[in-house]
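Notes to accompany the following structure.
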Amino acid sequence: MLTLSPKDISVAKLHGYLLGSVAPRPIAFASTKDADGNPNLAPFSFFNVFSANPPIMIFSPARSVRDNITKHTLDNCIETKEVVINIVNYDIVQQMSLSSTAYPKGVNEFVKSGLTMLASEEVKPFRVAESPVQFECKVNEVIALGQEGGAGNLIVCEVVKLHINEEILDEDQLIDQNK
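Each number in the working numbering comes from the position in the sequence shown (counting from 1) with 255 added on.
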């Protein structure tokens, strides 16, 4: 068995071990708007559900290992306190990948990826129309886990409205993971 101390390996190598061992991971396909109303869309693999009452989801945009800059999604969540978490299924995985490119601020990743902006009901960021489940969220808290490249930032989100495509529900109105 390979035994390692995180301090003895590069952040990039550690990142690979963490992501490769905790799998499969769901993707938080986060849509936000900046203070000027420009839409942003980006995927995050550090994501999960943490509470049902209140309904809490957390995702974590990390600071860039290469140049230590923060993601537009993080900046927007701090500025506006709103986000929509869209669930990725196989049908939109290619478009999701296109949105993951580090575009300059103000570039609309919905347009770049070919996905459809759908108005939300409770928050300003758009939903991804093609996503089978969309969670409109208010940002309760942002917790910086460090200031160096690779450091995560926990975005604690409270779900204020959820939208579920009825095609993925079974006869009991529960989500069928196989659909």
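Glycine included, C-beta positions come from ideal geometry on N, C-alpha and C. Owing to the predicted nature of the structure, the values given are computational and were not obtained by experimental measurement.
May I ask you to check if the CB of residue i is nearer than 7 Å to at least one heavy atom of the ligand MG?
i      : result
Val378 : Summarising the ligand content, the structure contains no ligands, and the ligand MG is consequently not present.
Based on Cα-Cα distance, which residue from the options lies nearest to residue i?
i      : options                           : result
Gly407 : Glu413, Lys326, Ile311 and Met312 : Lys326
Val411 : Val304, Arg382, Leu269 and Asn344 : Val304
Glu334 : Asp425, Ile340, Thr287 and Asp431 : Thr287
Lys336 : Gly292, Ala384 and Leu274         : Gly292
Ala278 : Val414, Phe302, Ala285 and Met312 : Phe302
Ala307 : Ser319, Val414 and Asp263         : Val414
Leu296 : Ile419, Pro310 and Val366         : Val366
Measuring straight from C-alpha to C-alpha, what distance separates residue i and residue j?
i      : j      : result
Leu409 : Glu396 : 8 Å
Ala267 : Asp289 : 29 Å
Lys393 : Ala374 : 16 Å
Asp431 : Pro261 : 38 Å
Phe299 : Glu426 : 31 Å
Asp330 : Ile324 : 10 Å
Gly369 : Thr328 : 19 Å
Which two residues bound the contiguous alpha helix (DSSP H) that contains residue i?
i      : result
Glu364 : Glu364 to Ser368
Glu334 : His327 to Thr335
Val266 : Val266 to Ser276
Val348 : Val348 to Ser354
Which same chain residues end up closer than 7 Å to residue i when comparing Cβ atoms and leaving out the 5 residues on each side of it in sequence?
i      : result
Lys416 : Glu376, Glu377 and Glu391
Asn344 : Pro387
Ser319 : Gly404
If you follow the beta strand (DSSP E) that residue i is part of, which residue opens it and which one closes it?
i      : result
Lys307 : Going by the sequence as given, residue 307 is Ala instead of Lys. Ala307 -> beta strand (DSSP E) spans Phe302 to Ala307.
Val388 : Val388 to Ala399
Counting only the same chain and skipping the five closest in sequence on each side, list residues whose C-beta sits under 6 Å from that of residue i.
i      : result
Lys434 : Ile423
Ile419 : Val388
Next item on the list: Specify whether the stretch 398 to 405 and the stretch 355 to 371 touch according to this definition: at least 3 beta carbon pairs, one from each stretch, less than 8 Å apart.
Entry: no
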